[in-house]
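Engineer: Counting in the numbering used here, the sequence shown runs without a single skipped number right up to 751 at its last residue. Backbone N, C-alpha and C fix where the C-beta goes; we use that ideal spot for every residue, glycine too. Note that the structure is predicted; figures quoted are calculated from it, not measured.
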Amino acid sequence: MSFGSRARVAMQAYGPACVGIDPHPSLLEQWGLPDSVEGLDRFASTCVEAFAGRVAFVKPQSAFFERFGARGVVVLERTIEDLRHTGSLVVLDVKRGDIGSTAQAYADAYLDDDAPMAADAITVSPYLGFGSLAPFFEVAEKNDAGVFVLALTSNPEGPEVQHALRPDAAGGASGETVAGGILRQLAELNAGATPMGAYGAVVGATIGEADEDLAINGPLLVPGLGAQGGTPDDIRRLFGGVLDNVIASTSRGVLAAGPDVQGLRDSAARVNADLVGS
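1. Looking at C-alpha atoms only, which residue of 574, 667, 672, 586 is the closest neighbour of residue 693?
2. With a 10 Å radius around its C-beta and 16 neighbouring C-beta atoms as the bar for buried, classify residue 493 as buried or exposed.
3. With distances taken between CB atoms, is the gap from residue 596 to residue 675 smaller than 8 Å?
4. Is there contact here, the region 738-750 with the region 511-518, by at least three beta-carbon pairs under 8 Å?
5. Please classify residue 751: does DSSP put it in a helix, a strand, or coil?
6. Out of 520, 661, 542, which one is the CA nearest neighbour of residue 563?
7. Roughly how many angstroms separate the alpha carbons of residue 530 and residue 556, rounded to a whole number?
8. For residue 751, count neighbouring C-beta atoms within 10 Å of its own C-beta (all shown protein chains included) and say buried if the count is 16 or more, exposed if not.
9. Just list the residues that DSSP pairs residue 566 with in beta bridges.
10. Give every residue of the same chain whose Cβ lies closer than 6 Å to the Cβ of residue 477, excluding the five residues on either side of it in the sequence, and list them in chain order.
11. With distances taken between CB atoms, is the gap from residue 619 to residue 525 smaller than 8 Å?
12. Mind checking which residues open and close the beta strand (DSSP E) that includes residue 672?
13. Under a three-way DSSP split, which group does residue 627 fall into?
14. With three or more C-beta pairs closer than 8 Å as the rule, is the region 723-741 touching the region 693-710?
15. Three-state secondary structure (DSSP) at residue 639?
16. Could you tell me if residue 527 is buried or exposed, where buried requires 16 or more neighbouring beta carbons within 10 angstroms of its beta carbon?
17. Indicate the three-state DSSP secondary structure (helix, strand or coil) for residue 618 in the structure shown.
18. Which of helix, strand or coil does DSSP assign to residue 477?
19. Using the beta-carbon count (16 or more within 10 Å), is residue 459 buried or exposed?
20. Alpha carbon to alpha carbon, what distance is there between residue 509 and residue 689?
21. What is the C-beta distance between residue 456 and residue 638, in whole angstroms, given that I count them as a contact (C-beta under 8 Å)?
22. Buried or exposed for residue 635, going by 16 or more other Cβ atoms inside 10 Å?
23. Would residue 624 and residue 655 qualify as a contact pair, given that the criterion is a beta-carbon distance under 8 Å?
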């Protein structure tokens, strides 16, 4: 099954929530764990126990594993392996982006199903040009994986790039924003796919207004729910016409209920209930 098909099945089975595994030092401390590889391992294992096969999407943030060096990456590999094929889909948040052979190597590292850190989908950055992402799309297609492209992020610095106007063929302003161009090209890649395409956009829940066309026939990964200030009402307002394709991501809002496994499960269930409520 394509990633778009698997994502739809998972959303119908479990709901639209995506729970991040973000082992911030402050969260490790809150859970009574040391800020060490051992603490990281216990944190990640608890998250796997709580969420595997119970939420549609789990999103490990690679940076919080990488900060412990090679031993942290080993924990990340094991976390991905333990989550995959449980019914939950792994979206690895790595935000990679490069050109040529380097982009190809990143794509092979995270999207080739035989790779040690193969995930169901990854996040990528398009700001070396949308065409630079071709290796990610190609490897994803071969492996029925997904790719989420940064489009309208909720950080305050984002608009200086994402709202800028793209040049036209003559070098003047085209009237299309950078974000609009990214969304348009994703829609072109997803054209004709059912139930939706495998190539999604990252659109923040706290952007205020969405003036771009979000109907890309693909999943919309929406971070910012919970601790960052985004609410289910914000999501319904921003994404009304494409709400069925929204994957709403939260990390600290759910993880604050740890380290109790049942507490984490209950917190994730409340998020799903709030998202599907009227």
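Structural biologist: The relevant details are as follows:
1. For residue 693, the nearest C-alpha among the options comes from 672.
2. When all chains shown are included, residue 493 counts as buried.
3. Going by C-beta atoms, residue 596 is nearer than 8 Å to residue 675.
4. No, because fewer than three Cβ pairs between the region 738-750 and the region 511-518 fall closer than 8 Å, the two stretches do not touch.
5. Residue placement at residue 751 is poorly supported in this model, since its pLDDT is 45, which falls under 50; the coordinates still yield a value, given next. In the structure shown, residue 751 sits in coil (DSSP, three-state: anything other than H, G, I, E or B).
6. The shortest Cα separation from residue 563 among 520, 661, 542 belongs to 520.
7. Each residue's alpha carbon lies about 10 Å from the other.
8. Per-residue confidence for residue 751 stands at a pLDDT of 45, beneath the threshold of 50, marking its modelled position as unreliable; no derived number is given.
9. Listed as beta-bridge partners of residue 566 by DSSP are 534.
10. For residue 477, the CB contacts under 6 Å within the same chain, skipping 5 residues up- and downstream, are 666, 669, 670, 671 in chain order.
11. No, they are not a contact pair.
12. Residues 672-676.
13. Residue 627: coil per DSSP, three-state reduction.
14. Contact holds: three or more Cβ-Cβ distances are below 8 Å.
15. The answer is strand: DSSP assigns residue 639 an E or B state.
16. Within a 10 Å sphere around the beta-carbon of residue 527 sit 16 or more other beta-carbons, which makes this residue buried.
17. Annotated three-state conformation of residue 618 is coil, per DSSP.
18. Helix.
19. Absent from the model: residue 459. The displayed extent of the chain is 474 to 751, so no value can be given.
20. Each residue's CA atom was taken as its position, placing residue 689 and residue 509 some 41 Å apart.
21. It is not possible to answer for residue 456, since the shown part of the chain is limited to 474 through 751.
22. Under this definition residue 635 is a buried residue.
23. When the beta-carbon positions are compared, residue 624 and residue 655 come within less than 8 Å of each other.
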